[in-house]
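One structure is given below, encoded as structure tokens.
There are 2 protein chains.
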Amino acid sequence: MSDFVVHNQLLSDCAIVGDADLCRVLLMNDARFPWLILVPRISGLRDFHEVPSEHRPSLFVEIESASNAVKELIDADKINVAALGNQVPQLHVHVIGRLTNDVAWPGPVWGVGTSVSYDSEVQQETIAFVGAAMGLLS
Amino acid sequence: MSDFVVHNQLLSDCAIVGDADLCRVLLMNDARFPWLILVPRISGLRDFHEVPSEHRPSLFVEIESASNAVKELIDADKINVAALGNQVPQLHVHVIGRLTNDVAWPGPVWGVGTSVSYDSEVQQETIAFVGAAMGLLS
Numbered sequence: 001m002s003d004f005v006v007h008n009q010l011l012s013d014c015a016i017v018g019d020a021d022l023c024r025v026l027l028m029n030d031a032r033f034p035w036l037i038l039v040p041r042i043s044g045l046r047d048f049h050e051v052p053s054e055h056r057p058s059l060f061v062e063i064e065s066a067s068n069a070v071k072e073l074i075d076a077d078k079i080n081v082a083a084l085g086n087q088v089p090q091l092h093v094h095v096i097g098r099l100t101n102d103v104a105w106p107g108p109v110w111g112v113g114t115s116v117s118y119d120s121e122v123q124q125e126t127i128a129f130v131g132a133a134m135g136l137l138s
Numbered sequence: 001m002s003d004f005v006v007h008n009q010l011l012s013d014c015a016i017v018g019d020a021d022l023c024r025v026l027l028m029n030d031a032r033f034p035w036l037i038l039v040p041r042i043s044g045l046r047d048f049h050e051v052p053s054e055h056r057p058s059l060f061v062e063i064e065s066a067s068n069a070v071k072e073l074i075d076a077d078k079i080n081v082a083a084l085g086n087q088v089p090q091l092h093v094h095v096i097g098r099l100t101n102d103v104a105w106p107g108p109v110w111g112v113g114t115s116v117s118y119d120s121e122v123q124q125e126t127i128a129f130v131g132a133a134m135g136l137l138s
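Chains A and B, in that order, are what the protein sequence lines are. Read in this note's numbering, the first sequence has 19 at position 19, and its numbers run on one by one without any break. Read in this note's numbering, the second sequence has 89 at position 89, and its numbers run on one by one without any break.
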């Protein structure tokens, strides 16, 4: 995993929360939704099914842990989990907490309206909350 | 799993392809994209992370098998995998083959334009292809 780097576009859109066993965890800089992105720290992955068998249990556990964190953040009604990667080829898994009255409901969040940057204090609090909830190394 | 039934909305939008070990596999009736939906045959699941640990390896294998099938169907450039469930609460995983010149690229497919029903012969051929590629029981 030594040559692993997060794609520039993800770094530009997100703040780094920390590392779980397999994934680097990012917080999308869009205060409208609690939106985490998990990037497996393995170079060269594009599609979800390319995750090697030995790492799949960790990915699932980390999706669960991220789901629970975003659920707690806003008492989410639903969690959206997706590996799309049409715009950024590096495999990354979106974990997004949804409310039935959020601005995109019941549609998906991608491409809806304009993202709203976090207030810097709220962003730091959110990062701290997610890092603690997921037990991440920062 | 005895009281498992596929949600009516999914049955209305899709044709049934067959059963893998864990999931019932459906083909979305939209000829614009090779679009499979995997529904774990366990009652009461809503979010992706609710899949019990002992069934997670099967889900991953079936996502892989579905991904390979849609990839072969159109020599897809990218596979989109997603569990959204904002409109249908029953857990279902979308596996969609994408081309860089399809009508929704590079956005997600949900809510884009109007679905195009399969010609019935093409639909049957597609179901047969996917069933064989995934080794499904029909």
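For every residue, glycine included, the Cβ atom is placed at its ideal position computed from N, Cα and C.
Within the same chain, show all residues whose beta-carbon is closer than 8 Å to that of residue i, passing over the 5 residues directly before and after it, in chain order.
| i | result |
| --- | --- |
| A133(B) | S65, N68, A69, E72 |
| T126(A) | L27, P34, L73, Y118 |
| V122(B) | A31 |
| D3(A) | S43 |
| R41(B) | M1, F4, D19, L22, C23, R24 |
| I79(A) | S67, V70, K71, V95, I96, G97, R98 |
| G135(B) | A20, S65 |
| V51(A) | P40, I42, L45, L59, L91 |
| G85(B) | R46, D47, L91, H92 |
| L36(B) | V17, V25, L26, L27, M28, A66, A69, V70, H94, V95, I96, V130 |
Report the three-state DSSP secondary structure of residue i (helix, strand or coil).
| i | result |
| --- | --- |
| D19(A) | strand |
| V61(A) | helix |
| N80(A) | strand |
| G135(B) | coil |
| R24(B) | strand |
| V116(B) | coil |
| H49(A) | helix |
| I74(B) | helix |
| R56(A) | helix |
| L38(A) | strand |
| V122(A) | helix |
| V130(B) | helix |
For residue i, go through chain A and note every residue whose CB falls closer than 8 Å to its CB, in chain order.
| i | result |
| --- | --- |
| G107(B) | N86, W110, G111 |
| S67(B) | D47, F48, H49 |
Return the Cβ separation of residue i and residue j in integer angstroms, given the expectation that the two are a contact with Cβ distance under 8 Å.
| i | j | result |
| --- | --- | --- |
| V130(A) | V17(A) | 5 Å |
| A83(B) | V81(A) | 5 Å |
| I96(B) | H49(A) | With 8 Å as the limit, I96(B) and H49(A) do not qualify as a contact, their Cβ atoms being about 13 Å apart. |
| L99(A) | A128(A) | Going by Cβ atoms, the distance from L99(A) to A128(A) rounds to 22 Å, so no, they are not a contact pair. |
| L10(B) | R46(B) | Rounded, the Cβ-Cβ distance is 14 Å, inconsistent with contact. |
| P108(B) | P106(A) | In fact, because the Cβ distance is near 14 Å, the residues do not count as touching under 8 Å. |
Mind pulling the chain B residues with CB within less than 8 Å of residue i?
| i | result |
| --- | --- |
| R98(A) | N86 |
| N80(A) | A82, A83, L84, G85, N86 |
Return yes when the C-beta of residue i is under 7 Å from any heavy atom of the ligand ATP, and no when it is not.
| i | result |
| --- | --- |
| F60(B) | Inclusion of the ligand ATP in the displayed structure is not the case, the ligand content being empty and no account of it being possible. |
Could you name the residues of chain A that residue i contacts, counting a contact when the two beta carbons are closer than 7 Å?
| i | result |
| --- | --- |
| F60(B) | R56 |
Can you pull the chain B residues whose beta carbon is under 7 Å from the beta carbon of residue i, in chain order?
| i | result |
| --- | --- |
| E64(A) | H49 |
Among the residues of its own chain, which have a CB less than 7 Å from the CB of residue i, if the five just before and after it don't count?
| i | result |
| --- | --- |
| D13(B) | M28, N29 |
| V88(B) | H7, Q9, L10 |
| S120(A) | none |
| F15(B) | Rather than Phe, the amino acid found at residue 15(B) in this sequence is Ala. If we look at A15(B) and ignore the five residues flanking it on each side, its Cβ neighbours are L26, L27, N29, Q123, I127. |
Tell me which same chain residues have a C-beta within less than 6 Å of the C-beta of residue i, skipping the five on either side of it?
| i | result |
| --- | --- |
| L137(A) | G18, D19 |
| A104(B) | V112 |
| S115(B) | D30 |
| N101(A) | none |
| W110(B) | none |
Stretch pair the region 19 to 26 of chain B + the region 42 to 59 of chain A: three plus CB contacts closer than 8 Å: no
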